[in-house]
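The structure under discussion appears below in the form of structure tokens.
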Amino acid sequence: MFKILSKRELTPVTKLFVVEAPLVARKARPGQFVIVRVAENGERIPLTIADFDAGAGTVTIVVQEVGKTSRLLGALKAGEAILDLVGPLGRPCPLTDKGPVVLVGGGFGVAPIYPIAKALKAKGVKVVSIIGARTKDLLILEEEMAQVSDEVLVATDDGSKGFKGFNADLLKREIEAGREIEEVIAIGPMPMMRAVAQVTEPHKLRTLVSVDPIMVDGTGMCGACRLTVGGRVRFACVDGPIFDAHEVDFTETIRRGKMYAAEQKLALEKMESEQRARAGGCGCGHGGGR
Amino acid sequence: MRSRRWALMPGEPSGNAEPKAAKRLPVKRPRAPMPSQEPQVRTHNFNEVALGYTEELAVGEAERCLGCKEAACRQGCPVDVHIPDFVSKVRDRDFRAAYEIIKATNSLPAVCGRVCPQETQCESKCLLGKKQEPLAIGRLERFVADWAMAQGVDKPTRVESNGKRVAIVGSGPAGLTCAGDLAKKGYEVTIFEALHAAGGVLIYGIPEFRLPKRIVQHEIRNLEAAGVEIRTDVVVGRTITVDELFDQGYHAVFLGTGAGLPMFMGIPGETLNGVYSANEFLTRTNLMKAYLFPEWDTPIKVGRRVAVVGSGNVAMDSVRSALRLGAREAMIVYRRSEAEMPARKEELEHAKEEGVIFHTLTNPVRILGNEEGWVTGMECIRMELGEPDASGRRRPIPIQGSEFVLECDTVIMALGTTPNPLVSQTTKGLEVDKHGCLVTRDESGLTTRELVWAGGDAVTGAATVILAMGAGKKAAAAIDKTLRGST
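Protein chains in written order, with this note's numbering: chain A, 6 to 295; chain B, 2 to 488.
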């Protein structure tokens, strides 16, 4: 059991947890992930490490509530515990000595960008962060990113804050405006990472992305997370999760990520109807009155 | 000598033998069949197929034992179970004594009785097998172990600590055996397990219908009662390194990290949706209990027609699991012929009884998919057998122009594994061979690193539970010898 020391609601569906996990904290490096399980009959899901403190023995994880497991996790409170948390898994993000590095974080992908920014900044590398969300209320960790970046640029799809449009469009504008960039690291939804890769490819700009495929064990044993990178099949859990963006087969990776979409929907619906039943009704929509 | 034994077979006049000696005479009768769930019933559930001998069946089968003085069966056992002795106790209905005899050398008898390939080990050496079916040693072992469990007489005793600490990496059959043997000698043993549950392949790989998980859990609880500490959720090589284990005060380390990464064929279409490694398919089913979805959260996709590539035990486990998960047709696709199949005989027989279709001398060329990226079939080519290759088996050669499409919507690759490099990459002085298997310097499994032993699939590549247990046992003896010498 891994005790939750504190919890912060970053958005109504995005929760940050500081968890007591001294062994993981001691070994964690930016870009690595943990596998979490929240119930005895629960799934194992990967979550990228959002921060770690070896001294305090804590790791920080950020979860976006999309399916049953992430909702169960999101509902946990400070003082409660996560049943299983194992890591750090995957290879750390390679950290360049030569900036400026543009870090692109989309949605809750800003969370895993944070420790990379922090580590680069500590090495004295110039960091420019582009963080984005659909709308300003869904932007997360803006202040924290400002502390570890030389500059923060904000993009929102609806223009409610900063640049109106996608992260990739903002990056494109910056490249075309002649901004000096040595490397780009992008983490977020697959379509965003693909868009970033498409923007940087014509400029031969080294670009890394962190893929987030379906995993079971997370240690190389099952191969669920395999994807094609540069024409070769790789396992994200042991060969990644960070890969050269220009080599990742995004279409295939997105398609594989949807393999259990129907089952995920079913599990979520079942949980919701059970919750409604517990709350007093039968889930039929007639309000539970007799 | 052998013929003299046969001369004493019952049914023939035993002369003027003493009544006591007469009691020991083997009884000539056919091997007792294993009571089993009917094939048409069992393919719809995950309950154990083989139900186990009754007391009467066990005693009757034990009576067949010739009681050879120089028991060849024992030489066939990787953990040296004193087979004629325990069988003789079964015959006397002294099951407790039989259990003590088995347990003295085998720490997981309920497991071995179920999953050992007895037909190539102890039972292959049984003299009865020369003229009829060999003694059902595995079934007797299982009977005794189950009896002990049911009676609650298998409680371990906790030995006083000798002050030496040993770290075991991996809680599969090698690690559990090594831990059990060391705990018996007073070592303070900690097992580090990467997954959330202990048992290794016994938990994630071998299906419930062949090895009920309650049996594995029972054995693990017994180990804990004997003083072994099990720490799950620790990936040695990531969470902690072997060097750090020594820094923490462990005096020796045993690596039983298991089979590792699944192999694929490298043919087009292997990343289509609906293609699994057997490791993933079985882990979802067994460890994560996907057959209970949505009561358990982990899903699995099983189509109407499932093709399993390979023909070892893992392939049989996969294809039989697929049937139970609802496949209408479950097929084995294998490039050689049935004679070369590495699976345990009983698994093959069970698979056939359950209606598994065998496409032998057939090799996949590519996997076909639809526009959404889901598997629709597999292009295969027919094979013929040529001269024997390095493995001694006749080499399969493709028959040009014989390509055809096998319709299927799920493909499971059961082609074996390569060792996980996490430990070897993060441990100084630990050498691996060209296959990635840990190099050992002697019979005991001592690695190229001082005070680090290894055994099981991490050393041999994918093999059997009992060979891993044998390796764990030898390493435990060597660790004991080395650490005692170092006081």
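The beta-carbon is built from N, C-alpha and C at its ideal position, and this holds for glycine as well.
Closest residue to residue i among the options (Cα-Cα distance)
{"i": "T411 (chain B)", "options": "B:N371, B:G257, B:E225", "result": "B:N371"}
{"i": "G387 (chain B)", "options": "B:R232, B:T233, B:P399, B:T377", "result": "B:P399"}
{"i": "R231 (chain A)", "options": "A:L210, A:V253, A:R211", "result": "A:V253"}
{"i": "L176 (chain A)", "options": "A:V204, A:A33, A:L146, A:V106", "result": "A:V204"}
{"i": "G60 (chain A)", "options": "A:G84, A:L77, A:R31", "result": "A:R31"}
{"i": "L416 (chain B)", "options": "B:R336, B:P389, B:T483", "result": "B:R336"}
{"i": "T44 (chain B)", "options": "B:E225, B:S322, B:T427", "result": "B:S322"}
{"i": "E451 (chain B)", "options": "B:P34, B:L468, B:T428, B:A464", "result": "B:T428"}
{"i": "G262 (chain A)", "options": "A:K131, A:A116, A:A229", "result": "A:A229"}
{"i": "E432 (chain B)", "options": "B:P27, B:L256, B:L212, B:Y251", "result": "B:L256"}
{"i": "K482 (chain B)", "options": "B:L52, B:R345, B:I103, B:W454", "result": "B:W454"}
{"i": "L1 (chain B)", "options": "B:L129, B:M264, B:S108", "result": "Coverage of chain B is limited to positions 2 through 488, which leaves residue 1 (chain B) absent and any answer about it impossible."}
Cutoff 9 Å: residue i Cβ touching any chain A Cβ
{"i": "G176 (chain B)", "result": "no"}
{"i": "S278 (chain B)", "result": "yes"}
{"i": "R345 (chain B)", "result": "no"}
{"i": "T284 (chain B)", "result": "yes"}
{"i": "K302 (chain B)", "result": "yes"}
{"i": "H436 (chain B)", "result": "no"}
{"i": "H360 (chain B)", "result": "no"}
{"i": "D234 (chain B)", "result": "yes"}
{"i": "D458 (chain B)", "result": "no"}
{"i": "L423 (chain B)", "result": "yes"}
{"i": "K290 (chain B)", "result": "yes"}
{"i": "N274 (chain B)", "result": "yes"}
Reduced DSSP secondary structure (H/G/I, E/B, other) of residue i
{"i": "Q269 (chain A)", "result": "helix"}
{"i": "A22 (chain B)", "result": "Reliability of the predicted coordinates at A22 (chain B) is poor, the pLDDT of 43 falling under 50, and no value is obtained from them."}
{"i": "L21 (chain A)", "result": "strand"}
{"i": "Y277 (chain B)", "result": "strand"}
{"i": "E339 (chain B)", "result": "helix"}
{"i": "G473 (chain B)", "result": "helix"}
{"i": "K82 (chain A)", "result": "coil"}
{"i": "A260 (chain B)", "result": "coil"}
{"i": "I302 (chain A)", "result": "The structure shown has nothing for residue 302 (chain A), since chain A only spans 6 to 295."}
{"i": "D58 (chain A)", "result": "strand"}
{"i": "F294 (chain B)", "result": "coil"}
{"i": "D248 (chain B)", "result": "helix"}
{"i": "K128 (chain A)", "result": "coil"}
{"i": "Q133 (chain B)", "result": "coil"}
Residue(s) in a DSSP beta bridge with residue i
{"i": "G370 (chain B)", "result": "B:V376"}
{"i": "N364 (chain B)", "result": "B:I382"}
{"i": "V167 (chain B)", "result": "B:V190, B:A253"}
{"i": "V91 (chain A)", "result": "A:I40"}
{"i": "G53 (chain B)", "result": "Per DSSP, none; premise fails for G53 (chain B)."}
{"i": "P397 (chain B)", "result": "B:L386"}
{"i": "Q122 (chain B)", "result": "Per DSSP, none; premise fails for Q122 (chain B)."}
{"i": "Q203 (chain A)", "result": "DSSP, once it has assigned bridges, lists no residue as partnering Q203 (chain A)."}
{"i": "I9 (chain A)", "result": "A:V24"}
{"i": "A160 (chain A)", "result": "A:G137, A:F168"}
{"i": "F248 (chain A)", "result": "A:V214"}
Beta-carbon gap between residue i and residue j smaller than 9 Å
{"i": "A316 (chain B)", "j": "V307 (chain B)", "result": "no"}
{"i": "L369 (chain B)", "j": "V406 (chain B)", "result": "yes"}
{"i": "N172 (chain A)", "j": "E296 (chain B)", "result": "no"}
{"i": "V237 (chain B)", "j": "V229 (chain B)", "result": "no"}
{"i": "D162 (chain A)", "j": "G183 (chain A)", "result": "no"}
{"i": "S89 (chain B)", "j": "G61 (chain B)", "result": "no"}
{"i": "L94 (chain A)", "j": "F38 (chain A)", "result": "yes"}
{"i": "G259 (chain B)", "j": "A175 (chain B)", "result": "yes"}
{"i": "G275 (chain B)", "j": "G304 (chain B)", "result": "yes"}
{"i": "M220 (chain A)", "j": "F255 (chain A)", "result": "no"}
{"i": "I221 (chain B)", "j": "L283 (chain B)", "result": "no"}
{"i": "A26 (chain A)", "j": "L90 (chain A)", "result": "yes"}
{"i": "G139 (chain B)", "j": "Q119 (chain B)", "result": "yes"}
Check: residue i C-beta below 8 Å from any heavy atom of the ligand GTP
{"i": "Q203 (chain A)", "result": "Of ligands this structure carries none, so the ligand GTP is not represented either."}
Test: residue i CB closer than 9 Å to a CB of chain B
{"i": "Q269 (chain A)", "result": "yes"}
{"i": "L198 (chain A)", "result": "Just to set this straight, residue 198 (chain A) is Met in the shown sequence, not Leu. Chain B contact via Cβ: absent."}
{"i": "F248 (chain A)", "result": "no"}
{"i": "L210 (chain A)", "result": "no"}
{"i": "M195 (chain A)", "result": "no"}
{"i": "V243 (chain A)", "result": "yes"}
{"i": "G114 (chain A)", "result": "no"}
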